Amino acid sequence: MILSWKRIYAIFQKDMKDLSKNLFVSSIIILPIMMAFLYGAMGEATIDLHYMIINLTLASVTAFIQCAVIAEEKEKHTLRGLMLSPASVAEILGGKSLVSFILTVVTLVVCMMITGYEPSNMLIIVVALVVSMLFYLALGTILGLLSRTVVEASVIILPVIFLFGFGSMLMLLVEKVPALSFIEYLPNIQLIEIAYDVEAGLGFGDVWVNLVVLLAWAVVATLATAFVYKKKEMD
Amino acid sequence: MENIIEVKSLAKVFGNQPALEDVNFNVKKGETFGFLGPSGSGKTTTIKILTGQLLQTSGEAEVFGVKNSAINNGSYRRRIGVLSDNSGLYQRLSIEDNLKLYCDLYDVSKQRMEEVLELVNLGNEKKKIVSKLSKGMTQRVLLARTLLHEPELLFLDEPTSALDPANSKQIHEGLRRLNEKGTTIFLTTHDMSEAETLCNRVAFLNKGKIQLLDEPKALRRQFADGSLTVELKNGQFVTLPGGAEGAEEVYKYMSNNEVESIHSNEPTLGDIFVEITGRELV
Ligand SMILES: Nc1ncnc2c1ncn2[C@@H]1O[C@H](COP(=O)(O)OP(=O)(O)OP(=O)(O)O)[C@@H](O)[C@H]1O
Ligand SMILES: [Mg+2]
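Top line first, the protein sequences correspond to chains E and C.
According to our numbering, the stretch in the first sequence is residues 1 to 235, in order.
According to our numbering, the stretch in the second sequence is residues 1001 to 1282, in order.
Shown next, in the form of structure tokens:
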């Protein structure tokens, strides 16, 4: 499959312009930034705290924006126009994902600057974050395809924000209820484990298992996206 | 002549509600084909099936000789233009930004965008935000977007239903010019005068079935009862039956020099529709 950068960029440009006028959706980036300010002001931030904000960004900015822009295309019947055009699924979703991706990167950088997070191994953290973003983009896409309106999208995303955004609190629960130990394998928890390992001075050789788990989440979510899209392609 | 659309025994059932039943028709290259029917008769459903947005329950539909299930993949999308009754625009963006996106998606020049904007009479309004447009203007932007890439085959689902007569007329002229240049048009409408002015052939659709299919002129001739209406010089209108009886009467009026004008009473497509289906075309 050959992707047309021109078409991806056209969709990206359109979405950027549209989001800049859609405060209901774009103002979500204020949420993690506000949290970063609040916690940043409380003094020396721990890894748990940095990642509470990072995970919140991934769930609220990455997944929600992706979910909302796709749900709106459905609600306003504009997705059909794109589907009938020469743009392929990958180009349509690629253009839209690029928007969520860039807004996420900007939000993450701002938040990390506020809370003063400087990972000991930037490369590993960047790889882990990018793989995580792929997962959240796919998750947002699926939920966006499943919801019919933007309002529905903003409701359907709440459990995601709760589960992934505040997931580190769930770890406390795991300690009490061993049956919930699968929570450790959630992408947000994996990300925190990577971060701890990195601060302990470990390298790629040590964190690769966690990275593979993250990657598995991203791959499964992407395959699920393709499946849901196929289902929704026809009226 | 070559068939661009071929439909055989097409049926669609939603749940257990039939929306289309045993629909058969062909559209020839270069013709304007009209699908006439009241609301809920299955016009949009037919367009959705033909353009690969919906799968039929049974029967066959081919466009450009390709099964409709395959029209989604491949280069066919570039050859068709679809104006659906639920096509949408980006409400927060200007007319121009909406069309620019499609210029890039279809690899069409910005010069072409200006041309289609002129065609739909929006050349001077392109900076306007779509959410601020009237229904008719929105419809014209959608039409402009559909024509942007100069498709060989146009699917137009009630293209002028939201337009005033002046704008409808302009769109009709535009469509006729496109048709003269070789574009094949599949059009649905419940406006019988639109069908009469534009279509080479029309199909009457009622409750998911095609009741009648022919050229508008042939239909009118077929359903004409041969009666005449004579306007007399004293201002009176007299309707006369066809045949010897009517001829005698006309002879009488004419010999007495009483006739102002004579009209043959050909039915309109709307009249025929009511006669065939017992339903109004609304
Ligand atoms: N997705 C759907 N699910 C269930 N029923 C549907 C669906 N789409 C259409 N129908 C039904 O199929 C029938 C035909 O609908 P269709 O939209 O094709 O009519 P139409 O001729 O386009 O009418 P209009 O002039 O109002 O646009 C209607 O009874 C409608 O309720
Ligand atoms: Mg319809």
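C-beta: ideal position from N, C-alpha, C; glycine also.
Here the structure is a predicted model, which is why all the values come from computation and not from measurement.
Taking one beta carbon from each stretch, the segment 1254-1266 of chain C and the segment 1225-1232 of chain C have 3 or more pairs nearer than 8 angstroms; the two touch. Per the Cβ contact rule, the segment 112-131 of chain E is in contact with the segment 196-203 of chain E (3 or more Cβ pairs under 8 angstroms). In the three-state scheme derived from DSSP, where H, G and I count as helix and E and B as strand, glycine 1088 of chain C is classed as coil. Between serine 1087 of chain C and glycine 165 of chain E, the gap from beta carbon to beta carbon reaches 8 angstroms or more. Its chain contains Glu1280 as the residues whose beta carbon lies nearer than 7 angstroms to that of valine 1274 of chain C, once the 5 sequence neighbours on both sides are disregarded; these appear in chain order.
Look at which beta carbons fall closer than 6 angstroms to any heavy atom of ligand 2; those residues are C:Lys1043, C:Thr1044, C:Asp1085 and C:Asp1157.
Straight-line spacing of the CA atoms in glycine 95 of chain E and alanine 128 of chain E works out to 22 angstroms. Under the Cβ distance rule, methionine 234 of chain E counts among the residues neighbouring chain C, one pair being separated by less than 8 angstroms. Residues of chain C whose Cβ lies closer than 8 angstroms to the Cβ of arginine 80 of chain E are, in chain order, Gln1053, Ser1084, Asn1086, Ser1087 and Gly1088. Annotated as proximal: isoleucine 65 of chain E and leucine 103 of chain E, with beta-carbon spacing under 8 angstroms. Going by beta carbons, glutamine 1056 of chain C and isoleucine 1047 of chain C fall outside the 8 angstroms limit. By the rule that beta-carbons nearer than 8 angstroms mark a contact, lysine 1048 of chain C touches chain E.
A Cβ-Cβ contact shorter than 8 angstroms links isoleucine 1095 of chain C with valine 1141 of chain C. Counting along the chain, histidine 1263 of chain C sits inside the beta strand (DSSP E) bounded by residues 1259-1264. Three or more beta-carbon pairs drawn from the segment 1191-1202 of chain C and the segment 1025-1045 of chain C are found closer than 8 angstroms, and the two stretches are therefore classed as touching. Per the coordinates, the alpha-carbon of threonine 107 of chain E lies some 22 angstroms from the alpha-carbon of valine 150 of chain E. Distance from the CA of lysine 1012 of chain C to the CA of histidine 1190 of chain C, rounded to the nearest whole angstrom, comes to 21 angstroms. The CB of glutamine 1091 of chain C comes closer than 7 angstroms to the CB of Lys76 in chain E, given here in chain order.
Between valine 25 of chain E and valine 69 of chain E, the C-beta spacing is below 8 angstroms.
At least 8 angstroms separates the beta-carbon of serine 1255 of chain C from that of leucine 1240 of chain C. The way I'd put it, the segment 200-217 of chain E doesn't touch the segment 42-60 of chain E; fewer than three beta-carbon pairs between them come closer than 8 angstroms. In this structure the segment 1103-1123 of chain C does not touch the segment 35-52 of chain E; the number of beta carbon pairs closer than 8 angstroms is below three. Residues of chain C with a Cβ closer than 8 angstroms to the Cβ of serine 85 of chain E are, in chain order, Arg1077, Tyr1102, Leu1105 and Tyr1106. For isoleucine 1276 of chain C, the uninterrupted alpha helix (DSSP H) segment begins and ends at 1269-1277.
Taking C-alpha positions only, leucine 1054 of chain C is separated from serine 1069 of chain C by approximately 9 angstroms.
By a beta-carbon distance limit of 8 angstroms, leucine 1143 of chain C does not contact leucine 1187 of chain C. Their separation comes to about 12 angstroms. For valine 89 of chain E, the secondary structure class from DSSP, reduced to helix, strand or coil, is helix.
In summary, serine 85 of chain E is buried, with 16 or more beta-carbon neighbours lying within 10 Å of its beta-carbon over all protein chains present.
In this structure, alanine 1166 of chain C keeps its C-beta atom at 8 angstroms or more from the C-beta atom of lysine 1135 of chain C. Taking 7 angstroms as the cut-off, one finds no heavy atom of ligand 1 near enough to the beta carbon of glycine 1270 of chain C.
Annotated as distal: glutamine 190 of chain E and leucine 163 of chain E, with beta-carbon spacing of 8 angstroms or more.
The closest heavy atom of ligand 1 lies less than 7 angstroms from the beta carbon of aspartate 235 of chain E. In the three-state reduction of the DSSP assignment, aspartate 1214 of chain C falls in the strand class, which pools E and B.
Between the C-alpha atoms of glutamate 1173 of chain C and glutamate 1180 of chain C there is a straight-line separation of about 11 angstroms.
At least one CB of chain C lies nearer than 8 angstroms to the CB of alanine 10 of chain E.
At a C-beta separation below 7 angstroms, aspartate 1191 of chain C has no neighbours in chain E, since its nearest C-beta there lies roughly 23 angstroms away.
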